[in-house]
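Have a look at the structure below before the remarks.
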Amino acid sequence: MSRTVFRRIPSCYRALPRWWSSHFNARFILYDPMDLAKVVTGELESYEFQPYTFLDIDDHLFLNTAGIELEML
């Protein structure tokens, strides 16, 4: 049995929506321009159109987790 230690969340954050995540992905999210045009003309609501694909670019980014040469960034 593992003992997981959770840090206390400051009270100023307790009232906010809970969207905490252990990982974030850097992505390009691609939408169909015709769907956006349908929103402009009223054929679709702004919340109805969805992306048709995404490109995950995490592996191609320079993630400086060690904090090396920060002045170079």
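Numbering (our numbering), first residue to last: 10 to 82.
For every residue, glycine included, the Cβ atom is placed at its ideal position computed from N, Cα and C.
Excluding the 5 residues preceding and the 5 following residue i in the sequence, name in chain order all residues of the same chain whose CB lies nearer than 6 Å to its CB.
{"i": "Y40", "result": "P60"}
{"i": "L64", "result": "F37"}
What three-state label does DSSP hand residue i in the structure shown?
{"i": "T62", "result": "strand"}
{"i": "L45", "result": "helix"}
{"i": "T74", "result": "coil"}
{"i": "E52", "result": "coil"}
{"i": "E80", "result": "helix"}
{"i": "H69", "result": "helix"}
Starting from residue i, follow the beta strand (DSSP E) in both directions and report where the run begins and ends.
{"i": "I38", "result": "R36 to L39"}
Taking 7 Å as the limit between beta carbons, can you name the residues of its chain near residue i, skipping five residues before and five after?
{"i": "F71", "result": "none"}
{"i": "D67", "result": "N34 and A35"}
{"i": "E52", "result": "none"}
Which whole-angstrom value is the C-beta distance of residue i and residue j, which I expect to be below 8 Å?
{"i": "V48", "j": "F58", "result": "6 Å"}
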